[in-house]
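See structure below.
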Amino acid sequence: MSSHRPTSFAHAENTAHHWLATISDHLGTTDSHLTYRCTRAWLHAVRDHLSVDSTAKLAAQLPELLRGVFYEGWDPSRVPTEQDATGFVTEFVLSARVTTAHAAGTLAAITAALRSLLAPGTLNHVIAQLPKGIRLLVDAEPEPRREPPRAPGTQERLERLENDVRALAEAVRLLARGVDATIVPLEPVDDDGMSQATRQARQVLLAIGRPGPAAEPVPARDGAR
Numbered sequence: 001m002s003s004h005r006p007t008s009f010a011h012a013e014n015t016a017h018h019w020l021a022t023i024s025d026h027l028g029t030t031d032s033h034l035t036y037r038c039t040r041a042w043l044h045a046v047r048d049h050l051s052v053d054s055t056a057k058l059a060a061q062l063p064e065l066l067r068g069v070f071y072e073g074w075d076p077s078r079v080p081t082e083q084d085a086t087g088f089v090t091e092f093v094l095s096a097r098v099t100t101a102h103a104a105g106t107l108a109a110i111t112a113a114l115r116s117l118l119a120p121g122t123l124n125h126v127i128a129q130l131p132k133g134i135r136l137l138v139d140a141e142p143e144p145r146r147e148p149p150r151a152p153g154t155q156e157r158l159e160r161l162e163n164d165v166r167a168l169a170e171a172v173r174l175l176a177r178g179v180d181a182t183i184v185p186l187e188p189v190d191d192d193g194m195s196q197a198t199r200q201a202r203q204v205l206l207a208i209g210r211p212g213p214a215a216e217p218v219p220a221r222d223g224a225r
């Protein structure tokens, strides 16, 4: 008996790995963590729109380890939940940690993968019970396989912030140079000179998605004339 348990568990683990590998292939990614998050998010989001009976029937078709994931946090007294397509996508994005723009493609890819793994007709029965808006979303034609972009991580956000700060510093330097030239001119400076500095600063800010100052002439102070 002691040798039987590890063998049974190893089989369950291998089956779960096979399913996740198939889903990874449909998603077009080699990131196992991303695949797991997306699969778990799909299972939970769809599950909460099914009746208790349908939930049990779908669970019976899943590998043992994924069945545990499927039932995680399930409350039979609160299903099926009332939710529109927008709420469904929001819940999926938060759980899977993918971008909203690619949520539909990710959902459809996982549906296609599960349809190839489950017994024929099983997924069609499940999807038929979903509200129309969600059903059309989940069962859409899968997009060409590519890895779903992840929401920016901490390091990515820090790098983006550093780039923005550098760009803002450059814009300030350009504006300061134009202002200084009107206050203490080393050579005659007209409105066009100040406008040029403003336009240059604006171009820098537009490059990082900020509107920047309007390119208008700035009159010199009385003491600098």
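Just so you know, we're using the UniProt record's numbering here: the sequence shown kicks off at 1 and counts up by one.
Think of the CB as a built atom: it goes at the ideal place given N, C-alpha and C, for glycine as much as any other residue.
Every value quoted in this text rests on a predicted model; they were computed, and no experiment measured them.
Taking 7 Å as the threshold (beta carbon to beta carbon), is residue 96 in contact with chain B?
Given the protein chain composition of this structure (a single chain), no chain B is represented.
Pick out whichever of 7, 15, 130, 137 has its Cα sitting closest to the Cα of residue 62.
Answer by Cα proximity: 15.
Among 112, 134, 27, 140, whose alpha-carbon lies nearest the alpha-carbon of residue 83?
Measuring from the Cα of residue 83, the nearest candidate turns out to be 134.
Alpha helix (DSSP H) segment containing residue 117, residue limits:
103–117 is the span of the alpha helix (DSSP H), which, as asked, contains residue 117.
Taking just the CA atoms, how far does residue 7 sit from residue 48?
Looking at the backbone, the Cα of residue 48 and that of residue 7 are separated by about 33 Å.
Relative to the C-alpha of residue 81, which candidate in 100, 55, 121, 65 has its C-alpha closest?
Among 100, 55, 121, 65, the Cα nearest to that of residue 81 is on 55.
Measure the C-alpha to C-alpha separation of residue 53 and residue 67 and round it to an integer number of angstroms.
Taking the Cα positions, residue 53 is about 15 Å away from residue 67.
DSSP-derived helix/strand/coil call for residue 138:
Residue state, collapsed to three classes: helix.
Among 104, 50, 39, 125, which has the Cα closest to the Cα of residue 140?
The option with the nearest alpha carbon to residue 140 is 104.
Can you tell me which of the three DSSP states residue 98 falls into?
Here residue 98 sits in strand by DSSP.
Looking at C-beta atoms only, is the number of pairs between the region 82–100 and the region 124–138 that lie closer than 8 Å three or more?
As far as the Cβ criterion goes, the region 82–100 touches the region 124–138, which means the pair count is three or higher.
Can you round the beta-carbon distance between residue 38 and residue 106 to whole angstroms, since I take them to be within the 8 Å contact cut?
Right, their Cβ atoms sit about 6 Å apart.
Put residue 42 into one of helix, strand or coil per three-state DSSP.
Residue 42: helix per DSSP, three-state reduction.
Sorted by chain position, which residues of the same chain lie with C-beta nearer than 8 Å to residue 65's C-beta, five sequence neighbours on each side aside?
The residues are 12, 13, 15, 16.
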